[in-house]
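Working notes, beginning with the structure itself.
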Amino acid sequence: MTDFFINHDLVRVIKIKHIFDEIKKFLQLAPKEIIVLDFHRFPYPTNFTYNLHKKFIDVVYEALGIHALPTKDLQVGKGPSLNEIWAKNKNLIICYADKATVIGKYNTILICYNIFSTLFVLMY
Numbered sequence: 220m221t222d223f224f225i226n227h228d229l230v231r232v233i234k235i236k237h238i239f240d241e242i243k244k245f246l247q248l249a250p251k252e253i254i255v256l257d258f259h260r261f262p263y264p265t266n267f268t269y270n271l272h273k274k275f276i277d278v279v280y281e282a283l284g285i286h287a288l289p290t291k292d293l294q295v296g297k298g299p300s301l302n303e304i305w306a307k308n309k310n311l312i313i314c315y316a317d318k319a320t321v322i323g324k325y326n327t328i329l330i331c332y333n334i335f336s337t338l339f340v341l342m343y
């Protein structure tokens with residue numbers, strides 16, 4: 220299995236698994252809080268291939284997919300209200316910038332190129 224890390228630019232900080240464990244704890248402790256995870260930059264390795272994207276998104280989906288709001292509920296324009304999100308017991312929105320990796324396979328991962336497009340849906 221490939222280990223993935225959170226980086227601060229090119230500096231390796233911590234294994235992503237540890238971050239996901241903390242996110243899961245928080246989601247359980249604070250079910251009314253909405254978390255938006257935006258994966259948009261992959262600086263290391265410098266050639267983050269399609270296969271690495273696939274492996275990484277599989278790790279994300281396996282760890283957090285059960286907590287994520289389905290993308291069909293996040294349409295452009297007037298998106299769901301907070302009450303609608305809470306009623307689904309899904310308080311995580313996952314955004315991923317690599318369209319080729321996500322299309323057709325994951326129904327809980329939103330294709331977006333920056334966090335602002337997702338926040339627009341929630342705040343409209």
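Every position in the sequence shown, counted from 1, becomes a number in the numbering used here once 219 is added. Heads up, the beta-carbon is just placed ideally off N, CA and C, and yes, glycines get one too.
Expected contact under 8 Å - CB spacing of residue i and residue j to nearest Å
| i | j | result |
| --- | --- | --- |
| L288 | K309 | 4 Å |
| H227 | A316 | Going by Cβ atoms, the distance from H227 to A316 rounds to 18 Å, so no, they are not a contact pair. |
Distance between residue j and residue i (C-alpha atoms, nearest Å)
| i | j | result |
| --- | --- | --- |
| I304 | T265 | 37 Å |
| C163 | L301 | Because residue 163 is not part of the residues shown, which for the chain are 220 to 343, the question remains open. |
| K243 | L283 | 7 Å |
| E252 | P299 | 15 Å |
| V232 | I225 | 6 Å |
| V279 | I254 | 14 Å |
| F261 | D277 | 16 Å |
| L311 | F275 | 18 Å |
CA nearest to the CA of residue i, picked from the options
| i | options | result |
| --- | --- | --- |
| L256 | F239, L248 and D222 | F239 |
| I235 | F223, L246 and E241 | F223 |
Heavy atom of the ligand MG within 7 Å of residue i beta-carbon
| i | result |
| --- | --- |
| E241 | The ligand MG is not part of this structure, which contains no ligands at all. |
Simplified DSSP state of residue i, which is helix, strand or coil
| i | result |
| --- | --- |
| A287 | strand |
| H259 | coil |
| I242 | helix |
| N226 | strand |
| H237 | helix |
| I253 | coil |
Chain C contact for residue i (CB, 8 Å cutoff)
| i | result |
| --- | --- |
| E281 | In the structure shown, chain C does not exist; there is a single protein chain. |
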